[in-house]
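A.B. asks: Numbering (my numbering), first residue to last: -3 to 205.
1) Looking at C-alpha atoms only, which residue of 115, 82 and 109 is the closest neighbour of residue 99?
2) Report all residues from its chain with a CB closer than 6 Å to the CB of residue 187; omit the five preceding and five following residues, and keep chain order.
3) Kindly say whether residue 45, judged by its beta-carbon, lies nearer than 8 Å to any beta-carbon of chain D.
4) Quick one: residues in its chain with C-beta nearer than 7 Å to the C-beta of residue 107, no 5 flanking neighbours on either side, listed in chain order?
5) Counting pairs of beta carbons, one from the segment 41 to 52 and one from the segment 65 to 81, are three or more of them closer than 8 Å?
6) Report the residue from 128, 164 and 150 whose alpha carbon sits nearest the alpha carbon of residue 156.
7) Rounding to the nearest angstrom, what Cα-Cα distance links residue 17 and residue 70 in this structure?
8) Residue 41 by DSSP, collapsed to three states: which one?
9) Runs of 3 residues minimum, wholly inside the segment 52 to 101: which ones carry the beta strand (DSSP E) assignment?
10) Identify whether residue 191 lies in helix, strand or coil by the three-state DSSP scheme.
11) Which residue from 205, 40 and 127 puts its Cα closest to that of residue 174?
12) Terminal residues of the continuous alpha helix (DSSP H) containing residue 124?
13) Check whether the segment 168 to 185 touches the segment 196 to 203, taking contact to mean three or more Cβ pairs, one atom from each stretch, closer than 8 Å.
14) Kindly indicate the opening and closing residues of the alpha helix (DSSP H) around residue 167.
15) Report buried or exposed for residue 209, applying the criterion of at least 16 other Cβ atoms within 10 angstroms of its Cβ.
16) Run the CB neighbour count on residue 91, radius 10 Å, all protein chains shown included, and call it buried at 16 or more, exposed below.
17) From the DSSP output, in three-state form, read off residue 208 for me.
18) Determine the burial state of residue 86: buried for a count of at least 16 other Cβ atoms within 10 Å of its Cβ, exposed for fewer.
19) Would you call residue 197 buried or exposed, if buried means 16 or more other Cβ atoms sit within 10 Å of its Cβ?
20) List the residues that DSSP assigns as beta-bridge partners of residue 109.
Following this line, the structure appears as structure tokens:
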């Protein structure tokens, strides 16, 4: 039934793990069936109808997430790579849309001029800068000095409840094993990594410490 497309099948009748995943998760499987003339043999009319339905549903969900990212980041996005992908998605959706124009307006935010020319920055270091500044202030007892200064110079003292809230936020991001991941606590199972469609990225689908 598979015809020439069975070349990737192992001698024991199973699909090798090195190539089976990308074939089913990416487009090469359908492309290979089309090139070898096996598409109509393997996939019937109902299969094709379902594939198109899945594709349309997936695109609808994907563009919704792009819209969420755009609106919450004010079209800056979380990083330069994601920025370009969201921009392209909005261009495909409507090259004359207001969203695409807002994306274009935020591109210069990633530019910076170094000694050897123009560069594109990735993630900002504002959080690191703030963390190191706070660490330096606390280590040199500057916080105690500021607490003794008048409020018209340093501002009103922070409410104690704000400190409790800050600690609660930090603890809410802690995983069950006590570690802290990059984005959010680990919720998914390790076996989900088997659905990773790439061969050159490892441990990318779930959070790890």
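All C-beta atoms, glycine included, are put in the ideal place defined by N, C-alpha and C.
C.D. replies: According to the structure shown:
1) 82
2) none
3) The structure shown contains no chain D, having only a single protein chain.
4) 114 and 116
5) no
6) 164
7) With a pLDDT of 45 at residue 17, under the threshold of 50, the predicted position of this residue should be treated as unreliable, though the coordinate-derived value follows. Rounded to whole angstroms, residue 17 to residue 70 spans 36 Å at the Cα level.
8) helix
9) none
10) helix
11) 205
12) 122 to 135
13) yes
14) 156 to 168
15) This structure cannot speak to residue 209, because the chain is shown only from -3 to 205.
16) exposed
17) Limits of the chain in this structure are -3 at one end and 205 at the other, which puts residue 208 out of reach.
18) buried
19) exposed
20) 114
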